[in-house]
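Visitor: Numbering (my numbering), first residue to last: 33 to 92.
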């Protein structure tokens, strides 16, 4: 693929993504997902604005 073909492919992918986002409605609780991510990110080398993510204080 040359450069112009790659750009065209990226543009088409972007257009597809925009159309999908227009009608997307999550069928899950976004806040639950965020909380789960925060709870487990330290296990996978997660980072925060304060540095390395730390394990939750209330681990079982």
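Each residue gets a CB set at the ideal place from its N, CA and C atoms; glycine is no exception.
Using a Cβ-Cβ cut-off of 7 Å (strictly less than) and excluding sequence neighbours within five positions of residue 71, which residues of its own chain qualify?
Guide: Within the chain shown, numbered from 1, the residue matching residue 71 stands at position 39. Counting only Cβ-Cβ distances below 7 Å, and skipping sequence neighbours, we find 88.
Visitor: What does the alpha-carbon distance come out to for the pair residue 36 and residue 54?
Guide: Within the chain shown, numbered from 1, the residue matching residue 36 stands at position 4. Within the chain shown, numbered from 1, the residue matching residue 54 stands at position 22. Cα to Cα, residue 36 sits roughly 27 Å from residue 54.
Visitor: How many angstroms separate the CA atom of residue 83 from the CA atom of residue 41?
Guide: Taking the first residue of the chain shown as 1, we reach residue 83 at position 51. Taking the first residue of the chain shown as 1, we reach residue 41 at position 9. Each residue's Cα considered, the two are about 37 Å apart.
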